[in-house]
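Participant: Residue numbers (full-length UniProt numbering): 1 to 322.
Once you've had a glance at the structure underneath, I'll fire off some questions.
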């Protein structure tokens with residue numbers, strides 16, 4: 001595997017770490033994986049343990065309770081496993097097959113029950129039962145829509161793959177947050193960080209833009225750190241990666257596209273900084289809650305970078321920031 005060198009990313013926010021809590025969450029999620037037989041043998045357990053998903057969740061959500069971290073780590077680990085399975089196999093040969101799987105997920109979310117034996121769906125149903133105990137009806141409705149959006153993004157990607165079409169840059173940038181589930185991360189914060197903002201704020205364009213810049217920064221940093229792995233394992237040169245999309249769109253070499261992707265990422269963070277200040281100034285009576293929300297978004301960004309560069313073996317690369 002050729003390891004690409006990634007320039008230091010701009011993200012001027014603090015890093016959160018708690019090794020004791022990370023270890024506890026890791027032990028819990030390993031037991032949860034065993035309960036639903038989501039991995040086949042000890043070798044696979046050891047392989048995924050090196051990925052340190054618990055470290056990602058703990059460093060990304062410093063305001064969450066231990067119970068919430070357990071539940072959210074279980075879900076994120078499940079999504080990582082599903083993503084890996086889809087990358088390594090020809091899971092879907094038609095859009096209809098993906099729509100069928102979406103229907104099974106939606107049935108669980110809408111009815112709160114699952115009577116089948118498929119391991120992934122059994123595990124997802126268990127997550128849904130537990131998360132409903134600690135979340136509001138309003139959050140649950142947002143989560144259900146987020147799962148729909150995640151499948152819509154995946155369906156868009158699948159159609160391109162089946163038709164052997166490369167994604168357009170603009171389309172990719174619009175849908176990337178759903179491919180990487182960054183919308184799940186930001187929209188979890190009412191539960192994971194006890195963030196409660198009035199609808200006047202959450203329905204505003206300004207709030208959506210601040211949140212969107214955070215989501216994009218998370219996804220673009222992931223594209224950079226995962227590039228080496230994706231290019232070594234895929235036949236399509238990691239077609240659904242910002243670096244490759246920029247390389248194809250601008251007809252530039254990969255190394256130049258890496259630098260271009262870094263600039264795109266950094267501009268997202270700069271815009272996040274700028275609009276965060278505007279959000280605070282526009283709603284002075286809600287500054288305490290807004291600051292909590294902005295800090296939570298900051299930890300999502302730094303947590304992803306810290307995990308990718310320091311804590312996990314999932315994405316081999318050379319980071320110039322180390």
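From the three backbone atoms N, C-alpha and C, an ideal C-beta is built for every residue, glycine too.
Quick caveat, the model's predicted, so the values are computed rather than measured.
Tell me whether residue 252 sits in a helix, a strand or coil according to DSSP, three-state version.
Facilitator: For the purposes of this step, residue 252 is taken as the residue at position 252 of the chain shown. The answer is coil: DSSP assigns residue 252 none of H, G, I, E or B.
Participant: Pick out whichever of 120, 100, 22 and 42 has its Cα sitting closest to the Cα of residue 85.
Facilitator: Position 85 of the chain shown holds residue 85. For residue 85, the nearest C-alpha among the options comes from 120.
Participant: Does the ligand FMN have even one heavy atom less than 6 Å from the beta-carbon of residue 6?
Facilitator: In the structure on display, the ligand FMN does not appear, and there are no ligands present to speak of.
Participant: Please go through the same chain and pick out, in chain order, the residues whose beta-carbon is closer than 7 Å to the beta-carbon of residue 156, but skip the five residues on each side of it.
Facilitator: Along the chain shown, one-based indexing puts residue 156 at 156. Around residue 156: 175.
Participant: Name the DSSP bridge partner or partners of residue 318?
Facilitator: For this step, residue 318 is matched to residue 318 along the chain shown. Answer by DSSP bridge pairing, in chain order: 5.
Participant: Whether or not the stretch 254 to 270 and the stretch 196 to 209 are in contact is what I'm after, with contact meaning three or more pairs of Cβ atoms, one per stretch, closer than 8 Å; do they touch?
Facilitator: no
Participant: Go through its chain and collect everything with a Cβ distance to residue 197's Cβ below 8 Å, but skip five positions before and after it.
Facilitator: Against the chain shown, residue 197 aligns to sequence position 197. Contacts found: 207, 286, 289, 290 and 293.
Participant: Would you grab the beta carbon distance between residue 51 and residue 227 for me? Rounded to a whole angstrom, and I think it's under 8 Å.
Facilitator: Looking up residue 51 in the chain shown gives position 51. Looking up residue 227 in the chain shown gives position 227. Rounded, the Cβ-Cβ distance is 17 Å, inconsistent with contact.
Participant: Do you know how far the Cα of residue 229 is from the Cα of residue 49?
Facilitator: Numbered from 1 along the chain shown, position 49 holds the residue referred to as residue 49. Numbered from 1 along the chain shown, position 229 holds the residue referred to as residue 229. Using only the alpha carbons, I get a separation of about 18 Å.
Participant: Rounded to whole angstroms, what's the CA-CA distance from residue 256 to residue 247? Just pull it up for me.
Facilitator: Numbered from its first residue, the chain shown carries residue 256 at position 256. Numbered from its first residue, the chain shown carries residue 247 at position 247. Cα to Cα, residue 256 sits roughly 8 Å from residue 247.
Participant: One question on the structure: do residue 108 and residue 128 come within less than 7 Å of each other, judged by their Cβ atoms?
Facilitator: Position 108 of the chain shown, counted from the first residue, corresponds to residue 108. Position 128 of the chain shown, counted from the first residue, corresponds to residue 128. The answer is yes: Cβ separation under 7 Å.
Participant: Using the C-alpha atoms, what's the distance from residue 26 back to residue 300?
Facilitator: Reading the chain shown from its first residue, position 300 is the one you call residue 300. Reading the chain shown from its first residue, position 26 is the one you call residue 26. Rounded to the nearest angstrom, the gap between the Cα atoms of residue 300 and residue 26 is 19 Å.
Participant: In or out: residue 98 buried (at least 16 other Cβ within 10 Å) or exposed?
Facilitator: Walking along the chain shown from the start, residue 98 turns up at place 98. Flag for residue 98 reads buried.
Participant: Can you list, in chain order, the stretches of the alpha helix (DSSP H) that have 4 or more residues and sit fully within the stretch 122 to 181?
Facilitator: 137 to 162 and 169 to 179
Participant: Can you tell me whether DSSP reads residue 187 as helix, strand or coil?
Facilitator: If you number the chain shown from 1, residue 187 lands on position 187. Helix, per DSSP.
Participant: Please confirm if the stretch 211 to 227 is in contact with the stretch 180 to 194, defined as three or more CB-CB distances below 8 Å between the two stretches.
Facilitator: yes
Participant: Between the C-alpha atoms of residue 245 and residue 180, what's the straight-line distance to the nearest angstrom?
Facilitator: Residue 245 sits at position 245 when you count from the first residue of the chain shown. Residue 180 sits at position 180 when you count from the first residue of the chain shown. Using only the alpha carbons, I get a separation of about 16 Å.
Participant: Under the rule that 16 or more other beta-carbon atoms within 10 Å means buried, what is residue 47, buried or exposed?
Facilitator: Your numbering for residue 47 matches position 47 in the chain shown. Answer is exposed; the Cβ neighbour count stays below 16.
Participant: Compute the beta-carbon to beta-carbon distance between residue 95 and residue 169, rounded to the nearest angstrom, for a pair I have assumed lies under 8 Å.
Facilitator: As a first step, residue 95 is located in the chain shown; it is residue number 95 there, counting from the start. As a first step, residue 169 is located in the chain shown; it is residue number 169 there, counting from the start. Incorrect: roughly 23 Å between the Cβ atoms, too far for contact.
Participant: So what's residue 83 in DSSP terms, helix, strand or just coil?
Facilitator: In the chain shown, residue 83 corresponds to position 83, counting from 1. Residue state, collapsed to three classes: helix.
Participant: Out of 195, 15 and 134, point me to the one whose CA is closest to residue 298's CA.
Facilitator: Counting from 1 along the chain shown, the entry for residue 298 is found at position 298. Comparing Cα-Cα distances from residue 298 to each of 195, 15 and 134, the minimum goes to 15.
Participant: Buried or exposed: residue 137, going by 16 or more other Cβ atoms within 10 Å of its Cβ?
Facilitator: Within the chain shown, the letter at position 137 stands for residue 137. So residue 137 counts as exposed.
Participant: Helix, strand or coil: which one does DSSP assign to residue 194?
Facilitator: Position 194 of the chain shown, counted from the first residue, corresponds to residue 194. Coil, per DSSP.
Participant: Do you know whose CA, among 313, 264, 282 and 312, lies nearest residue 7's CA?
Facilitator: To locate residue 7, count along the chain shown from 1; it is residue 7. Per the Cα distances, 264.
Participant: Please report the distance separating the alpha-carbon of residue 284 from that of residue 249.
Facilitator: Taking the chain shown and counting its residues from 1, the one referred to as residue 284 is at position 284. Taking the chain shown and counting its residues from 1, the one referred to as residue 249 is at position 249. Whole-angstrom Cα-Cα distance: 42 Å.
Participant: By the three-class DSSP mapping on this structure, what secondary structure does residue 258 have?
Facilitator: Translated into positions along the chain shown, residue 258 becomes position 258. It is helical.
Participant: Whose C-beta lies closer than 7 Å to the C-beta of residue 194 among residues of the same chain, with five residues either side of it excluded?
Facilitator: Locating residue 194 in the chain shown gives position 194, counting from the first residue. So the qualifying residues of the chain are 63.
Participant: Residue 118 by DSSP, collapsed to three states: which one?
Facilitator: Position 118 of the chain shown holds residue 118. Three-state DSSP puts residue 118 in coil, outside helix and strand.
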